[in-house]
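Report on the following structure.
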Amino acid sequence: MSDLYELTLALAIRGPLSGGEVAELRWHAGLGGGVLPASGARAIVTEFPVVVVDDFGVPTVEDDPRPVLGRTGMALRVGGESTADVTPTTGGWVVSVRQELHPDEFDAVGVLLTWLAARADDAHTSPDGSVVLGRLRFLEDTEPVPLVFRDGRVIWPDREAG
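If you want this note's numbering, it's the 1-based position in the sequence shown plus 100.
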């Protein structure tokens, strides 16, 4: 059994983004030309904590930046292609993603999706104020479910709840 999910989204982002925001967003999508600002200047995902053990066996937390939606090429378990794109439109941007995710990645991806939800076009907003970000499908399921931002957070699936 595997814990992988397929994430798909085509999210319209309203209004202009700063040059730094576009560069950082492109970096997270694994696109050339995107630049990750220094840790104090990051606007989207500000921290990438990872615990490392030094030569004396002492664990420390370090900043290990990595694109959270930047995989490309063949998806290992869900099949098809892993992609991400950031495209300008007349009214803003479109972020298109198809990625394979493990639940260990939900926190970092959730930070990026929270940032996107705050800028999502009104077409993605439900009457209750939640933002439908895209679709998520557990590897062993045949149908995806909506991935929603509600009450200030991304609502990830709980596989234990059944």
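Cβ coordinates follow ideal geometry from the N, Cα and C atoms, glycine included.
From a predicted model like this one, the values you see are computed outputs, not experimental measurements.
(request) Measure the alpha-carbon distance for R250 versus T225 and round it to whole angstroms. (result) 10 Å
(request) Take V151 and list the residues in its own chain whose beta-carbon comes closer than 6 Å to its own, dropping the five residues that flank it on each side. (result) P159, V161
(request) Locate the beta strand (DSSP E) running through R237, then write down its first and last residues. (result) 231-238
(request) May I ask you to list the residues that DSSP assigns as paired with A184? (result) V197
(message) Tell me which residues share the same chain as P149 and place their Cβ nearer than 6 Å to its Cβ, disregarding the 5 neighbours each side in the sequence.
(response) V161
(request) List the whole-angstrom C-beta distance separating G234 from L107, where the pair is believed to meet the contact cut-off of C-beta under 8 Å. (result) 6 Å
(request) Pick helix, strand or coil for A223, following the three-state DSSP scheme. (result) helix
(message) Residues in the same chain with beta-carbon distance under 6 Å from L109, minus the five sequence neighbours each way, listed in chain order, please.
(response) V197, L233, G234
(message) For a quick check, are the C-beta atoms of W127 and L117 less than 7 Å apart?
(response) no
(message) Between the alpha carbons of L239 and V178, how many angstroms are there, rounded?
(response) 6 Å
(message) DSSP three-state label for T214, please.
(response) helix
(message) Please return the same chain residues whose Cβ sits closer than 8 Å to the Cβ of I113, not counting the five positions on each side in sequence.
(response) G192, W193, V194, V195, L216, R219, A220, D221
(request) Tell me, to the nearest whole angstrom, how far the beta carbon of V168 is from that of V145; I am working on the premise that it is less than 8 Å. (result) 6 Å
(message) With the cut-off set at 7 Å, would you say V248 and S230 are in Cβ contact?
(response) yes
(request) Can you tell me which of the three DSSP states R166 falls into? (result) coil
(request) Starting from V248, follow its DSSP beta bridges and name the residues at the other end. (result) V232, I255
(message) If I follow the unbroken alpha helix (DSSP H) through L125, where does it start and stop?
(response) 119-128
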